[in-house]
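Worksheet: the structure to be examined is printed underneath.
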Amino acid sequence: MRPEAGQELLHYRLIEKVGEGGMGVVWKALDHRLDRPVALKILRDDLDDGPERMARLRREARAVAALNHPNIVTIHAVEEVDDIALLVMELVEGRSLDRIIPEGGLSLGTFYNMAGLLLRAVVAAHERGILHGDLKPANVIVSQDGQMKIMDFGLARLLPKSEKVTLPEDSPTITLETRIQGTMQYMAPEQLRGEPIDARADIFAVGVVLHEMLVGQVPFNADRPADLISAILRDEAPLTHETCSDVPEPLARLVQRCLAKHPDRRVQTARDVLNQLNEIRNEARSGKSVRSIAVLPFADMSPDKDQDYFCEGIAEEILTALTSIEGLRVASRGSTFRFSGQGIDSREIALQLGVTTLLEGSVRKAGSRVRVTVQLVNASDGYQLWSERYDREMQDIFEIQDQIAHSVVEALKIALTPTERKALSKPKARELEAYEHYLRGRRFFYKLTRRNLEFSREMFERAIEIDPDYALAHCGLADCYAFLYLWYEQREEFIRGAETASRRAVELSPDLAEAHASLGLALTWREDCADAAEVHFETALRLNPRLFEACYFFARDCLSRGRLEKAARLFERAIEVRPEDYQAALLLPQVYLALGQEDKSERAAQRGLEIVERHLQLNPDDVRALYLASGRWVQAGDRERGLSLVRQAIEMEPEEPTVLFNAACTFAQAGELDTAIDYLGRAVVGGFGHRRWIEHDSDLDPLRDHPRFRKLMEHLSDRT
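Each residue of the sequence shown is one higher than the last, beginning at 0 in numbering that gives the first Met the number 0.
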């Protein structure tokens, strides 16, 4: 059939063609019986070659018609003429959303309004069991009075098994001989693979549409279909607050969660997306921050006051569990634990950390019994959101920690994905004594001096002796070896120890993100293991996308190998996970600069310096913060401030190889090349031997033509 204007089909007269898509051709028509204009979709005759074609179409149309939602195009009837199916719908005069979105995206106010309308329609359909399957701006009509209507709900499943997937104008098309149905740029990875889909495939499409509305382009695009498919299956969504500063950080995170590769890691329902969008909008209007929490060190109420390590350890375990939740910003251990024993008012702590809630607690150990008292407090008014007291046997401490973490999530009204729910519970020690040694090891590990790393290693080894299958203890042991190798002495036994312990952790707990991150870190020192290291870092981030250590050390590894674009993305991700941490914030500008992105480097450097200066106000003796900040201040033009900070660091730790190496970087940036090469030589002699890092660290570029630099590199090559 080739319809023409003026043609009569049953009691409908065709007036003009208004659109054409994968389902068929849409005409504006006049319904003679009811004397009203309608949209008449003449469906393609190859949609289904089975005998149940019309019956299926009527069932789908009847289900959609029953929705009766103001943001979904109403279906009036299903007709048939000469074996051609006709779908009679309400006529919406307006333009499709893809013709409305400007090049740079919608304003935030317009975005919130349109996104809310879109999501309300999707919620209504999903909660009646109706999926879309081909959600995209071309299927969204905005009328002249601003009303939004979504077309084709429930009809995508009527497409034939072999379907020609049409991309937007000027883009390639491809015929896929599978059950793939939809427009590729908006299709979820499982949909592209031809796997069964559920409502979460629509959630992915919603994420693509929201991204396009915000920035004016889809997150994944390519000239060739094969490249497009590869991008959707593998690449990360580019939208972050760092890459698009006009988009609020919580809104960027929400879009990223909708675009997660695995359905379990996405926001699980359209209603959850809508609720979170409304919360973000309301918080933006009121000026309130997003849901955030600081877990303070628990007070030691034991009679002998000798359980500091145990109290800190319990708080840290809860903090680590909460960090895995995408919808919650958790202040880092380094930010919160500095308040231990200082007697500072909780509201002042919350103000300094920029959080809305605080988790406080106390622990009292007596013999085989333990009492844990905990309360969740609203920082603005001191209102107690939740509290509990646990009087248990010591062996119940793991259950107590899990209950506290889940109760906090419930009190904050956060909807968990299956992946997040699983990440809340880590593998536990079978023996309480092993757990206590593990907590001692973690406490001293964070000090990162050689003496403390050696003590931590001893504690983790004792934990493993008591419980050989304790995966987290193996992770801790591996990290001690890796840091000793990186910063102090390039001994083969250190790198072998890191590999052995981390591989054992992966064997014991293959789904433990920390185990894969530890193995990735251990393998970074092997020149022939770059691919294997990447696999384990990627696995860690798949298991827990918010594991800071995986983001940060993967980024450092990429930087050391000259993979600058990947390093930039990972540092951006680390900053998103832990925005108050200065390490990634101070390294990211260096990566941007090496990429030739001077404007981005300057902006990132300013943010990094603001973060580290706030940190140094509260932690003036943090040597690492001092030497990392020093180089950035020199680059920012404040040579005096930069050299003052690095000299403080040298005075505090005059023999630490990492301090000496970073001093070399700062003096090189300041133009004092002989001083810089002296410190670099002392660092190498003292044990710093990360040759790849020295080769790719742009801070050392002024030294590369120095004759002593070349000799140092030759010395390192001989040593490694």
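Where a beta carbon is used, it is the ideal one built from N, C-alpha and C, also for glycine.
**Message:** I'd like to confirm the pairing. Which residues does DSSP put opposite TRP26 in its beta bridges?
**Reply:** LYS16, LEU39
**Asked** With burial defined as no fewer than 16 other Cβ atoms inside 10 Å of the residue's Cβ, what is the status of GLN634: buried or exposed?
**Response** buried
**Message:** I'd like to know whether the C-beta atoms of CYS310 and ALA293 end up nearer to each other than 8 Å.
**Reply:** no
**Request:** Return helix, strand or coil for SER367, following the three-state DSSP convention.
**Result:** coil
**Request:** Indicate the three-state DSSP secondary structure (helix, strand or coil) for GLU299 in the structure shown.
**Result:** One detail in the question is off: residue 299 reads as Asp in this sequence, not Glu. Correct three-state label for ASP299: strand.
**Asked** What residue does the alpha helix (DSSP H) around GLY206 start on, and which one ends it?
**Response** 198-214
**Message:** So the candidates are ARG332, PHE444, ARG337; which of them puts its Cα closest to the Cα of GLU457?
**Reply:** PHE444
**Request:** Please go through the same chain and pick out, in chain order, the residues whose beta-carbon is closer than 6 Å to the beta-carbon of ILE348, but skip the five residues on each side of it.
**Result:** PHE338
**Asked** Can VAL77 and ARG57 be called in contact, C-beta distance under 8 Å?
**Response** yes
**Request:** Measure the C-alpha to C-alpha separation of LEU327 and ASP344 and round it to an integer number of angstroms.
**Result:** 23 Å
**Request:** Take PRO417 and list the residues in its own chain whose beta-carbon comes closer than 7 Å to its own, dropping the five residues that flank it on each side.
**Result:** ASP263
**Item:** Spatial distance of PRO578 from ARG233 (CA atoms)
**Value:** 25 Å
**Request:** Mind checking who GLU78 pairs with in its DSSP beta bridge?
**Result:** LEU85
**Prompt:** Can you name the residues that DSSP bridges to VAL254?
**Reply:** Residue pairing by DSSP places VAL254 opposite no residue, since no beta bridge is assigned to it.
**Request:** Consult DSSP for ASP390 and reduce its assignment to one of helix, strand or coil.
**Result:** strand
**Backbone CA spacing between ILE317 and HIS436 [nearest angstrom]** = Computed Cα separation, rounded: 18 Å.
**Asked** DSSP state of LEU592, grouped into three classes?
**Response** helix
**Request:** Alpha carbon to alpha carbon, how far is GLY685 from GLU655? Give it in angstroms, no decimals.
**Result:** 7 Å
**Request:** Compare the beta carbon distance of ASP466 and ARG429 with 8 Å and say whether it is the shorter of the two.
**Result:** yes
**Prompt:** Near ARG391, what residues of its chain come up, given a Cβ to Cβ distance below 7 Å and the 5 sequence neighbours on each side ignored?
**Reply:** VAL369, ILE399
**Item:** For LEU130, three-class secondary structure by DSSP
**Value:** Residue state, collapsed to three classes: coil.
**Message:** Give me the residue from LEU238, VAL354, THR499, PHE152 with the minimum Cα distance to ARG290.
**Reply:** VAL354
**Where LEU540 falls: helix, strand or coil (DSSP)** = Looking at LEU540 - three-state DSSP - the assignment turns out to be helix.
**Prompt:** ILE140 bridges to which residues according to DSSP?
**Reply:** Beta bridge pairing from DSSP links ILE140 with SER95, LYS148.
**Asked** Between LEU116 and SER229, what straight-line distance do the alpha-carbon atoms span, to the nearest angstrom?
**Response** 31 Å
**Request:** Could you tell me which residues DSSP puts in a beta bridge with ASN377?
**Result:** THR356
**Request:** Assuming PRO588 and ALA604 form a contact by the criterion Cβ under 8 Å, report the distance between their Cβ atoms to the nearest whole angstrom.
**Result:** 4 Å
**Item:** Pairwise C-alpha distance: TYR185 and VAL207
**Value:** 6 Å
**Prompt:** What's the gap between the Cα of THR665 and the Cα of ASP696?
**Reply:** 12 Å
**Request:** Assign GLY670 to buried or exposed, taking buried as 16 or more other Cβ atoms, counted over all protein chains shown, within 10 Å of its Cβ.
**Result:** exposed
**Request:** Determine the direct distance from the alpha carbon of GLY519 to that of ILE649, and round the result to whole angstroms.
**Result:** 31 Å
**Beta-carbon proximity check, ALA28 vs TYR11, cutoff 8 Å** = yes
**Prompt:** Can you check whether the CB of GLU513 is closer than 8 Å to the CB of LEU471?
**Reply:** yes
**Message:** Measuring only the C-alpha atoms, how far is ARG270 from LEU118?
**Reply:** 8 Å
**Request:** Tell me whether VAL164 sits in a helix, a strand or coil according to DSSP, three-state version.
**Result:** Reliability of the predicted coordinates at VAL164 is poor, the pLDDT of 33 falling under 50, and no value is obtained from them.
**Asked** Hey, quick one: how far does the beta strand (DSSP E) through VAL217 stretch, first residue to last?
**Response** Annotation: VAL217 is outside any beta strand (DSSP E) and is labelled neither H nor E by DSSP.
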